[in-house]
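Trainee:
There are 2 protein chains.
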Amino acid sequence: MNIQVIACINEARSDDLQHKTVIVIDVLRATSTMLTALAGGCRTLVPVETVSQAKSLQSPGTLLGGERSCKKIPGFDFGNSPLEYTPEAVSGKTLIMTTTNGTRAIHKARKADHVLIGAFLNAGACARKAASLDQEIVLVCSGAQDVFSLEDGLCAGLLVHELLQLSGCDPDSPAAAQAVGDFGLAMLHAYRQVQDRLTEILLSCAGGRRLIKLGFRDDVTYCSQIDLLPLAPVVRAGKLEPEHASSSL
Amino acid sequence: MNIQVIACINEARSDDLQHKTVIVIDVLRATSTMLTALAGGCRTLVPVETVSQAKSLQSPGTLLGGERSCKKIPGFDFGNSPLEYTPEAVSGKTLIMTTTNGTRAIHKARKADHVLIGAFLNAGACARKAASLDQEIVLVCSGAQDVFSLEDGLCAGLLVHELLQLSGCDPDSPAAAQAVGDFGLAMLHAYRQVQDRLTEILLSCAGGRRLIKLGFRDDVTYCSQIDLLPLAPVVRAGKLEPEHASSSL
Numbered sequence: 020m021n022i023q024v025i026a027c028i029n030e031a032r033s034d035d036l037q038h039k040t041v042i043v044i045d046v047l048r049a050t051s052t053m054l055t056a057l058a059g060g061c062r063t064l065v066p067v068e069t070v071s072q073a074k075s076l077q078s079p080g081t082l083l084g085g086e087r088s089c090k091k092i093p094g095f096d097f098g099n100s101p102l103e104y105t106p107e108a109v110s111g112k113t114l115i116m117t118t119t120n121g122t123r124a125i126h127k128a129r130k131a132d133h134v135l136i137g138a139f140l141n142a143g144a145c146a147r148k149a150a151s152l153d154q155e156i157v158l159v160c161s162g163a164q165d166v167f168s169l170e171d172g173l174c175a176g177l178l179v180h181e182l183l184q185l186s187g188c189d190p191d192s193p194a195a196a197q198a199v200g201d202f203g204l205a206m207l208h209a210y211r212q213v214q215d216r217l218t219e220i221l222l223s224c225a226g227g228r229r230l231i232k233l234g235f236r237d238d239v240t241y242c243s244q245i246d247l248l249p250l251a252p253v254v255r256a257g258k259l260e261p262e263h264a265s266s267s268l
Numbered sequence: 020m021n022i023q024v025i026a027c028i029n030e031a032r033s034d035d036l037q038h039k040t041v042i043v044i045d046v047l048r049a050t051s052t053m054l055t056a057l058a059g060g061c062r063t064l065v066p067v068e069t070v071s072q073a074k075s076l077q078s079p080g081t082l083l084g085g086e087r088s089c090k091k092i093p094g095f096d097f098g099n100s101p102l103e104y105t106p107e108a109v110s111g112k113t114l115i116m117t118t119t120n121g122t123r124a125i126h127k128a129r130k131a132d133h134v135l136i137g138a139f140l141n142a143g144a145c146a147r148k149a150a151s152l153d154q155e156i157v158l159v160c161s162g163a164q165d166v167f168s169l170e171d172g173l174c175a176g177l178l179v180h181e182l183l184q185l186s187g188c189d190p191d192s193p194a195a196a197q198a199v200g201d202f203g204l205a206m207l208h209a210y211r212q213v214q215d216r217l218t219e220i221l222l223s224c225a226g227g228r229r230l231i232k233l234g235f236r237d238d239v240t241y242c243s244q245i246d247l248l249p250l251a252p253v254v255r256a257g258k259l260e261p262e263h264a265s266s267s268l
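So the sequence lines, in the order shown, correspond to chains V and W. Under this note's numbering, think of the first position of the first sequence as 20, with each following residue one higher. Under this note's numbering, think of the first position of the second sequence as 20, with each following residue one higher.
1. Tell me the residue span of the alpha helix (DSSP H) that contains W:M206.
2. Check for me: the beta strand (DSSP E) holding W:G84 runs from which residue to which?
3. Looking only at DSSP bridge pairs, what is V:I136 linked to?
4. Mind checking if W:S223 is an interface residue toward chain V, Cβ cutoff 7 Å exclusive?
5. Beta-carbon within less than 6 Å of V:A131's beta-carbon, same chain only, minus the 5 sequence neighbours each way: which residues are those?
6. In its own chain, which residues sit with a C-beta less than 6 Å from the C-beta of W:V199, not counting the 5 before and 5 after it?
7. Could you compute how far the alpha carbon of V:L268 sits from the alpha carbon of V:E155?
8. Nearest chain W C-beta to V:G121 closer than 7 Å, yes or no?
9. Output yes or no for whether 7 Å exceeds the beta carbon distance between W:G162 and W:I28.
10. Is the Cβ-Cβ distance between V:L114 and V:C61 less than 7 Å?
11. Helix, strand or coil for V:K130? Go by DSSP, reduced to three states.
12. Which residue wins for smallest C-alpha separation from W:L230, given the options W:G98, W:L182 and W:A108?
13. Out of curiosity, what's the CA-to-CA distance linking W:G111 and W:A196?
14. Mark W:K148 as exposed unless 16 or more other C-beta atoms lie within 10 angstroms of its C-beta, in which case mark it buried.
15. Please classify V:E181: is it buried, with 16 or more other beta-carbons within 10 angstroms of its beta-carbon, or exposed?
16. Does the distance from the C-beta atom of V:D201 to that of W:F167 stay below 7 Å?
17. Report back the beta-carbon spacing between W:L76 and W:D96 to the nearest angstrom; my notes put them in contact at under 8 Å.
18. In this structure, how does DSSP classify W:C61 when only helix, strand and coil are distinguished?
19. Please report the distance separating the alpha-carbon of V:L259 from that of V:P249.
20. If V:Y104 sits next to V:T55, beta carbons under 8 Å apart, how far is it from one beta carbon to the other, in whole angstroms?
21. Does the beta carbon of W:R236 sit closer than 7 Å to a beta carbon anywhere in chain V?
22. Tell me whether W:T52 counts as near the ligand ZN, meaning its Cβ is closer than 6 Å to at least one heavy atom of that ligand.
23. Please report whether the beta-carbon of W:G172 lies at a distance below 7 Å from any beta-carbon of chain V.
24. So what's W:C160 in DSSP terms, helix, strand or just coil?
25. Considering only C-alpha positions, which residue in the set W:S33, W:G143, W:V67 and W:V109 is nearest to W:A256?
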């Protein structure tokens, strides 16, 4: 097994992701929100890069969600808070979403053979799905404003841990060091150091502090939960559908 | 106290380092080797970027040291193994050194107010010196081949830990999270996770494996020792001299 972790979206190059399985991670909050919407019964989720793309896809029966600068976009049905995406609001609906980093990262991964959506909320299911595809795996941390975000790095560390265990590789072995590479190892070690106080760590990192200031403390706490949502959606033809995920579990 | 960690040399921009105290880290092996030479009595150490610069500075009584692709440069007196730089070989001498990443990182930091040389070997002394200068501190991990190196990141994590403690800031506090930034925090957590088995970790990371293959296992073991050399040399007018360091301790 070969696992690479990319520190933030502007370090990922589309061509390098060809023939690989990519897991896009944007814990605060894009991938956590997408998972919540899909778990809540959203039928199809379409991640797009720009606000105008989102608006051009609007039709009766579709909902628009997303953010710019962590805030809801004018005219959209939802912002980027996972707690807005209740089953009552999204069940059976098609949802068009655009966020600053998460949907950009998904677009950047378009040349990969498989693109999965990862967060703490679905780490176990996501790792199992990725391992089952039997390819080189690249974890793309979205980051924020083109710099590394701790929450995404720690989630990558958890995924590395799960992937190594699934492949029967002791995370402390020299074989693991070789399979994961130096940056992935750093994230693995960091995750293991703070795994028992993830919520506290996420509340104090840059992204958590920004969200608390904007009134979204509960989002941060929610997004720090591991394996709450056992689904592993895959992007197919630009869309996320929950059934593809559950069929593989 | 404000502490920033830069993941590798190509992410550092000279202009961003102005008015700051920079600690250049290249654990395997440039900064470890420079510290060893200075501790061994080398009078003046001149880090230069290119082989031709090194040769142009050669004169009777000077020694040339350095590497390209981890190997000694033809015509040079020493390679980049710290174990070559014994007191017998370097005491009282002027040493011109060029390495692939470490000396490049020093050059990149030229606009900083103060440039210090950091490694596990001198972490405590280096942190004390940096803290005493009372400026914003930037830790520049040299990395290898323009990517992050685990050993440099872990050394940055140790330095962050020491710097926080020197400033009376609990490394687990929200204040520490704010002072250090997300990437520095990740390195701090990773370091604390593996601090009791640093030698093993350094032997298994990419840089360690490369050096073992080339016959330098003992170098890796040597460079993983914390606080063996209590000196904190500062680059002044392009040169490193040990007395500047010891006078501040």
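Cβ coordinates follow ideal geometry from the N, Cα and C atoms, glycine included.
Mentor: In terms of the structure at hand:
1. In the second sequence, residue 206 of chain W corresponds to position 187, counting from 1. D201 to V213 is the extent of the alpha helix (DSSP H) around W:M206.
2. Stepping through the second sequence from its first residue, residue 84 of chain W is reached at position 65. Taken as a continuous stretch (DSSP letters only), the beta strand (DSSP E) holding W:G84 covers T81 to R87.
3. Taking the first sequence and counting its residues from 1, the one referred to as residue 136 of chain V is at position 117. Its beta-bridge partners are V:V43.
4. The count along the second sequence starts at 1 and reaches residue 223 of chain W at position 204. For W:S223, the answer is yes, since a Cβ of chain V falls inside 7 Å of its Cβ.
5. As a working mapping, residue 131 of chain V is identified with position 112 in the first sequence. Around V:A131: L36, K39 and V41.
6. Locating residue 199 of chain W in the second sequence gives position 180, counting from the first residue. Excluding positions up to five away in sequence, the list reads I22 and V179.
7. Indexing the first sequence from 1 puts residue 268 of chain V at position 249. Indexing the first sequence from 1 puts residue 155 of chain V at position 136. Its pLDDT being 39, under 50, V:L268 is placed unreliably by the model, and nothing is read from it.
8. Taking the first residue of the first sequence as 1, we reach residue 121 of chain V at position 102. No - not a single Cβ of chain W is within 7 Å of the one on V:G121.
9. Within the second sequence, the letter at position 143 stands for residue 162 of chain W. Within the second sequence, the letter at position 9 stands for residue 28 of chain W. In this structure, W:I28 lies closer than 7 Å to W:G162 by Cβ.
10. The residue given as residue 114 of chain V occupies position 95 in the first sequence. The residue given as residue 61 of chain V occupies position 42 in the first sequence. Cβ distance < 7 Å, so V:L114 and V:C61 count as in contact.
11. Locating residue 130 of chain V in the first sequence gives position 111, counting from the first residue. Here V:K130 sits in coil by DSSP.
12. Start at 1 with the first residue of the second sequence, and residue 230 of chain W comes out as number 211. The residue with the shortest Cα to Cα distance from W:L230 is W:G98.
13. For the purposes of this step, residue 111 of chain W is taken as residue 92 along the second sequence, with counting starting at 1. For the purposes of this step, residue 196 of chain W is taken as residue 177 along the second sequence, with counting starting at 1. C-alpha separation (whole angstroms): 44 Å.
14. For the purposes of this step, residue 148 of chain W is taken as the residue at position 129 of the second sequence. Classification for W:K148: buried.
15. Counted from its first residue, the first sequence places residue 181 of chain V at position 162. By the neighbour-count rule (16 or more Cβ atoms within 10 Å), V:E181 is buried.
16. Translated into the one-based positions of the first sequence, residue 201 of chain V becomes position 182. Translated into the one-based positions of the second sequence, residue 167 of chain W becomes position 148. Contact: yes.
17. By one-based count along the second sequence, residue 76 of chain W stands at place 57. By one-based count along the second sequence, residue 96 of chain W stands at place 77. The Cβ separation is near 13 Å, so there is no contact.
18. Counted from its first residue, the second sequence places residue 61 of chain W at position 42. Reduced to three states, the DSSP call for W:C61 is coil.
19. By 1-based counting over the first sequence, the position of residue 259 of chain V is 240. By 1-based counting over the first sequence, the position of residue 249 of chain V is 230. If you take the alpha carbons of V:L259 and V:P249, they lie about 15 Å apart.
20. Indexing the first sequence from 1 puts residue 104 of chain V at position 85. Indexing the first sequence from 1 puts residue 55 of chain V at position 36. With a Cβ gap of about 5 Å, V:Y104 and V:T55 count as contacting.
21. By 1-based counting over the second sequence, the position of residue 236 of chain W is 217. It does not: the Cβ of W:R236 has no partner Cβ on chain V nearer than 7 Å.
22. Summarising the ligand content, the structure contains no ligands, and the ligand ZN is consequently not present.
23. Stepping through the second sequence from its first residue, residue 172 of chain W is reached at position 153. W:G172 counts as touching chain V.
24. Along the second sequence, one-based indexing puts residue 160 of chain W at 141. Reduced to three states, the DSSP call for W:C160 is strand.
25. Residue mapping note: residue 256 of chain W aligns to position 237 of the second sequence, counting from 1. The option with the nearest alpha carbon to W:A256 is W:V67.
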